[in-house]
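A.B. asks: Protein chains in written order, with the working numbering: chain A, 63 to 402; chain B, 63 to 402; chain C, 63 to 402; chain D, 63 to 402; chain E, 63 to 402; chain F, 63 to 402. Even glycine gets a Cβ: it sits at the ideal position worked out from N, Cα and C. Owing to the predicted nature of the structure, the values given are computational and were not obtained by experimental measurement. Dumping the structure here so I can ask a few things about it.
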């Protein structure tokens, strides 16, 4: 089964506007512009490592939409499944992001209501899309954007599943889009279709009202639903400029937990998208060496760790760089200070 | 009658995002950020020349609203009559602007729907506002934004008028906000309250369906309504980088037209706001030397001409600079190449 | 007693020129420009938290003076008491600042001689100024600038005191402006009028020749003079990029010392003005909840801590942000990693 | 015949490094980085107007090669036929470009020897490439780079021709790569395969030693070789910041010359690539409406004219923008000053 | 007579601070920093063309002085005769410069009082300096700075003259430093020592009260004083972005006037220093081919013309570039659009 | 023996291109440009501390060569012994450098083949060069560039040695230029002429196959060759943003090892050139106070430590700053937080 895409993701593409590091949203003459979005970040992360990925989304038919399209392409995400909105009020969602420095926290202002993604529908796409990918991924953000997105996402999950596509889902709970009860109810309808499930410990407890150890919680999802893999990141925020990052991956078939030493004291340059980068590492691992869960976990952790050191929402890394980081992290032999 | 403000204006405040000169909206890493808005530009123009001005508007209660407030203040516009919107979907309107170079035209993408100004109402302000200013100004843009803005603006015009405030109104027709018939119907309800009326020849013909010479058209407005002054700008666009600018001002009481030699081959740096700058020059003239219409016209033309040479929506000039430009324009004696 | 200003401060306004972070004064093509000054920073700090503040100063009547005025306004400091110097040699003081990175120290080059502030005199202002504020603040820097500033400051302190204004004074000893003996003699003439006194432990020992514990020293000032409150900051410089900051506040009436856990390992972005930010937090606390000294101390520490993370001399923060930082610092319940 | 690409081009991809406008190569702290190359510019020009295009080239297998690939993709050029050079001395060619201002001329320094393109060979590509495109384009620069490029290009032209592909060729004579005699000899071997031929009047006279009027010269090529279309640009350089641009297109089958009023006094922002943009407009016209040579000429002229107003080697325009420019150039009815 | 320097100049070195083009001094976050000064610009202009030059000046012994020294060196001016001022109030003079765009004029704010150059004295230098150069140049600015500079300059002129050094002097009248009567009296004491005299027509008439044609005026100086060469520039300011520049050179010995077609419609990028660049071209001509006055005039005009197209006070050109410009200006044969 | 230069170094000068901190080589619009090169960095380091230094190299005769020359001069390196390559393929070597942040390592891409330095020969220089300096320095990089450089360097070492010049040599092993065996063979031919030898512990073990303690290894070099001084740096890389740096210096005559407390937790801004800066500190020490090896070691460590905190390859420090750092490092008395 030779499908043209390894991965398709569904989600909103946003313009990110950030003041230069150390400056505030409330002053200054300049914004750095980026393109991001949880599911775009995942697609790009997998694409930059060498697989063929695309995004399913709806963009405004204007200069901002073209900017988003061009940028996605430069990050190795194909745009064959981008629908365009040519209404007069078509708009690209925006978020403003200011980085932190202890004790100042990173700060986000969202301006993502009434955006073109909210007009997406199944009829924007042809049916051959559902047979075009080995894996489909979306997140709770897409479900939370509004009823139109929720219906479309739900239906797409079912259609892709029907075609034998691996379904990957990240809870990605955002309290400013919906509340825990809404999220729980909606996601529980999705879970019967999900193969790979990403959920943080906090969200599992606060949104899904799970109890017990993290390991018990992870396993419980696979007991309640036909989920194969549950992955959960573990981040310790020492300060906005220093995090420690690791994760646990549980495989239901083997009933095994995979872990490794976390990346300690990561030098944070831009933390945005590092959760999505984790997912991209995991999916890359599963799509290239399906049964090697240790390697999959290592990819997830390494891609997330390095994303934190790179400006922008999308990790701009490459396979050789990730392999070198994994190699050094496993601490095998002489380590040079510099790649040259 | 010692009122605390010489001028209050009512209108939407927008964030302007522009790529560096020569770059496109569809590429690049950076936006220059500005604050503008037709009525803010007028208030600022008058304020920077030395009078006390304020704006009546509604801003989101977030970092972008604070940025707008701080910027307005630095351009000498007081913020005592700014109302804040603390809804979760509060938003500051945006427009994206890319400058032109022949044959590429300047390009604007608006993203100003669903903004906080659309929630403005009379109840946001106390009644002492109506006695606080010598002059009140707004434009057709405010009327066109939506029903809430239209009602509020109409009622404010009446309240200010009742308190003996000079009413200034700029048609400022924007085909992407409403059509000519809508504009005509709405504005004709306002005109009975207007003292100073700004209308371009094109708009007079296409929106108000006027015929005859420009002089006849200008006069006709004062015959149909109790308008004292009608001003009309005349711009010739040689290329996006070179304009010629002049204007005609008609005073009904004296039944006289005022004109001067236009500013020829202006070096355009940023054309946005030069129409608003013209209004600010006219209002400054009328408020400081009410019966000297020649001087008033000279201020209007000079402030507009120099605005074209300055980045951003608001003219960042000063009284001595404008006086020097008027002096040179009238060509009196030796002219230095440089101010030092 | 409804005074139009909560706080007026007296002091010099300076232009700060800094190379981009990591660059040196001795090379490069660019300076970042800022406006600062010990007393302006205090006024702005209080103003941005929501009170009405103004500065008493003298600026050159040129483009640099206008730049300083515009910037002050954007930082919520009113300019009604700014006097202008239109002499041919009018000048705005400058300081050049280069940030540090261990073992390179931050480096300052001053160019603040012969500046317009040195021409300030009582006759620049009308007498209603002295009844316009609830609190007046100045620092030892103003006294040290020269005889004209010293006389003017001394007389203003007396005039404000006479009108029942709270007098706040920061020693702010600068060895490059005067020596310890000069400072001691001059300040001891001021202290009989001071209500709120800011003095670091080092200065207390080296300039005022105090001995004993810091607590004893603080108390001694209130025994020798009718001072109500003495505040003293405690900064540990781990490296130019990491400080720990706390303070002690002594209230003479209650004979009580207030302290809290310091902010540890602050990520220093720009350390300049963090002492002034501390004062602004203390004054904000005293002016909004006069008898709550614990809260006042928390405000002082939090505003100073966050200032260190923001580029420029003036803290560009807001009341909600400071309250959130205080809340997190007191460690009450779940803490999000990010404000969104 | 449903081929996956409308156009494939063969040529070197270069890194362009330019000081900011007004700065010199010999000073300053910064280079703006761009990607360009005559044939890449043609592919991108056609791709941005909406057709599917790709480039055949060889890039170094390092960060610079990845940068070039990502950038090409963002300019709508596919990279399926990019071969990678992983030798230790693999290098991306560079040229340094400084813009002009009368009397300073634009200045180029080339550093494009020993680059990876010089290792390109037929064996880098599979045979299905030759059936993948409706049109193939290359230029004399590729022939001039060295023997390996010359052989590869010559053979590819033959292979593509054999598969019924339209062959487009631009002389693009560069005196620093070869001399006129070499160029003439080499290109005359290619011409029997060429369908669309681009040659400036100067080159026709100086390199091909043609005589007579430009019209006679153009026709003569079609008499000597089975060329269908000859196009020749006509540029008048008033100053480095103002050009006039037009062209003549000759169609041999109809024995007709097509011309239109040139674009006069174009505001030059970046002149590089405007010749390639012309070709992209012509090819777009031919590929979308093959028999409409007037429209084809209009596209060529308009795309070239607007390219001059855009920074970078590749025109970043779109079909609607070009259509609007053509419309205005033909001067049909009311023209707005701005697109909004 | 093999002297180590071809040219030494005496004058103040200044820091220039400019907002980015199109921005104002009164707003924005950034200054571009440059080093300039009339006599430094002359030295650098001659040095960059290939002769050995140095400057005689006094700099503050701080980071700004080091910045000035490093920059001078990078512009090929030796610093062996730089004296350093290590007083606490040592300062580098500053001027703020904002460029113009019609009708906005370029604007300069000077802050050059109390600078270190005002402490310069003969005792800062050893006597071998006077034998070290073939030519010595200074200008009226140095004389106007203050009594200390005036005495030092006057005495240096005499000392250099005594050693057979060619004395070059530029009036460079600045109304903000002294008045015409002062300038006339002071300069007339210098003229007996001057060999090469630069004076504009306006200054000749307004300061020296000359009458008659420009030719008569130029000649009159050589009749009253033992001056060999008088040069006078002729600039027409069409707008701040377009000048025409030419000059007349009179040689007393041959009683001949040298002129050439002026450079018309120069694209002005930065006009500052173009008068000094003219002098550097003239001095370069005289020092390399003393009797070829036509060539000397061509160098003067070409160096000045190109300076206008380059950011900063010092022309960053080279001998080949100037020779190419002269060649093109004389319009000899085919002219390429670009240097490559 | 009054030689005009204290130090001459021989080596390649490179252009360094770096994305802004936090950005990647593979994206972004901008490169920061620097000039560097191991031996240039050493010369500049010594020159900026106050001695007279020059570089022996070959640069392309184009704008890039002029840029390199101008920059070297601004860093106090004389260019009297720079030879120029005016071949059509003359090129300046380039390296691209991206900084690191844990776990992302700094990354270098070299593009330094076929550069002008490879054409250097003895005949480019006159024999008086060999008597012009007190000390001559080069490194293993120069030897490794190619046979032409190797021969020239070897011969120059002998010529300088013959004239009584101190010979300094840094192994500076680069595995991408040659292998350990090649390096060992070549360098062992040089060592009989070397007085001051710089070699890291790693290189001593891996390239020279030394065994035993570092002290034993250092001593062994002086036993096998007539080397007076061996210096070896000791760097601990905590993360790309935090290093600890110290060194050991062995003097054979005194048979003594010199060491001091290392600089711990240096805030790394730009690590490139810090090894060369170390050498410059050592050579400065030896050339100014030859027998004071403790002071020499302190200079080496301090100059290297501060280099890490400065952008660019060359340390832009000064003697007073280094003395202050040494003073603080020795922890003598009160330490201010800031230099002002």
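Tell me which residues share the same chain as residue 215 of chain F and place their Cβ nearer than 7 Å to its Cβ, disregarding the 5 neighbours each side in the sequence.
C.D. replies: 72, 200, 204 and 205
A.B. asks: Ignore the nearest five residues each way along the sequence and tell me which others in residue 326 of chain E's own chain have a CB closer than 7 Å to its CB.
C.D. replies: 306
A.B. asks: Counting only beta-carbon atoms, is residue 273 of chain D nearer than 9 Å to chain E?
C.D. replies: no
A.B. asks: Give me the Cβ distance between residue 321 of chain A and residue 310 of chain A, rounded to the nearest whole Å; I'm assuming they're in contact under 8 Å.
C.D. replies: 5 Å
A.B. asks: Taking residue 93 of chain D as the query, report the chain F residues whose CB atoms sit under 9 Å from its CB, ordered along the chain.
C.D. replies: 79, 92, 93, 94 and 95
A.B. asks: Would you kindly check if the distance between the Cβ of residue 67 of chain A and the Cβ of residue 140 of chain A is under 9 Å?
C.D. replies: yes
A.B. asks: How would you write the range of the alpha helix (DSSP H) that residue 158 of chain B sits in, first residue to last?
C.D. replies: Looking at the DSSP string, residue 158 of chain B is not in any alpha helix (DSSP H); the run it does join, the beta strand (DSSP E), is 155-160.
A.B. asks: Return the residue from the list D:65, D:284 and D:69 that minimises the CA-CA distance to residue 347 of chain D.
C.D. replies: When only C-alpha atoms are compared, the closest one is D:69.
A.B. asks: Would you verify that the beta carbon of residue 163 of chain D is, or is not, closer than 9 Å to some beta carbon of chain G?
C.D. replies: The chain labelled as chain G is not found among the protein chains of the depicted structure, namely A, B, C, D, E and F.
A.B. asks: Distance cutoff 9 Å, beta carbons only. Does residue 118 of chain D sit that close to anything in chain B?
C.D. replies: no
A.B. asks: Could you tell me which uninterrupted alpha helix (DSSP H) segments, each at least 4 residues in length, are contained entirely in the stretch 331-399 of chain C, listed from first to last along the chain?
C.D. replies: 336-350, 355-369 and 381-391
A.B. asks: Checking 9 Å against the spacing of the C-beta atoms, do residue 335 of chain A and residue 376 of chain A come in under that value?
C.D. replies: yes
A.B. asks: Label residue 278 of chain E either buried or exposed according to how many other C-beta atoms from any shown protein chain fall within 10 Å of its C-beta, with 16 as the threshold for buried.
C.D. replies: exposed
A.B. asks: Looking at the structure shown, is residue 122 of chain A part of a helix, part of a strand, or coil, going by DSSP?
C.D. replies: Residue state, collapsed to three classes: strand.
A.B. asks: Considering only the alpha carbon of each residue, which of B:119, B:123, B:176 and B:110 lies closest to residue 182 of chain B?
C.D. replies: Ranking the options by Cα distance to residue 182 of chain B, first place goes to B:119.
A.B. asks: Excluding five sequence neighbours on each side, which residues of the same chain lie with their C-beta closer than 6 Å to the C-beta of residue 114 of chain D?
C.D. replies: For residue 114 of chain D, same chain residues with a beta-carbon under 6 Å away, outside a window of 5 residues either side, are 67 and 68 in chain order.
A.B. asks: Within 9 Å of any Cβ in chain B, is that where the Cβ of residue 182 of chain C sits?
C.D. replies: no
A.B. asks: Taking residue 299 of chain A as the reference, which of A:126, A:370, A:250 and A:94 has the closest Cα?
C.D. replies: A:370
A.B. asks: Indicate whether the contact test is met: 3 or more Cβ pairs, each with one atom in the stretch 83-95 of chain D and one in the stretch 91-103 of chain F, closer than 8 Å.
C.D. replies: yes
A.B. asks: Return helix, strand or coil for residue 277 of chain D, following the three-state DSSP convention.
C.D. replies: helix
A.B. asks: Tell me which same chain residues have a C-beta within less than 6 Å of the C-beta of residue 104 of chain E, skipping the five on either side of it?
C.D. replies: 71, 199, 338, 341 and 342
A.B. asks: Would you mind giving the Cβ-Cβ distance between residue 283 of chain E and residue 259 of chain E, rounded to the nearest angstrom? I have them listed as a contact below 8 Å.
C.D. replies: 6 Å
A.B. asks: Could you tell me if residue 74 of chain F is buried or exposed, where buried requires 16 or more neighbouring beta carbons within 10 angstroms of its beta carbon?
C.D. replies: buried
A.B. asks: Spell out a yes or no on whether the stretch 225-233 of chain D and the stretch 188-198 of chain D are touching, meaning 3 or more CB-CB pairs, one atom from each, closer than 8 Å.
C.D. replies: yes
A.B. asks: Consider the Cβ of residue 135 of chain E: report whether some Cβ of chain C lies at a distance smaller than 9 Å.
C.D. replies: no
A.B. asks: Please check the pair residue 291 of chain B and residue 319 of chain B, which I expect to be a contact at CB under 8 Å, by giving their CB distance rounded to whole angstroms.
C.D. replies: The Cβ separation is near 11 Å, so there is no contact.
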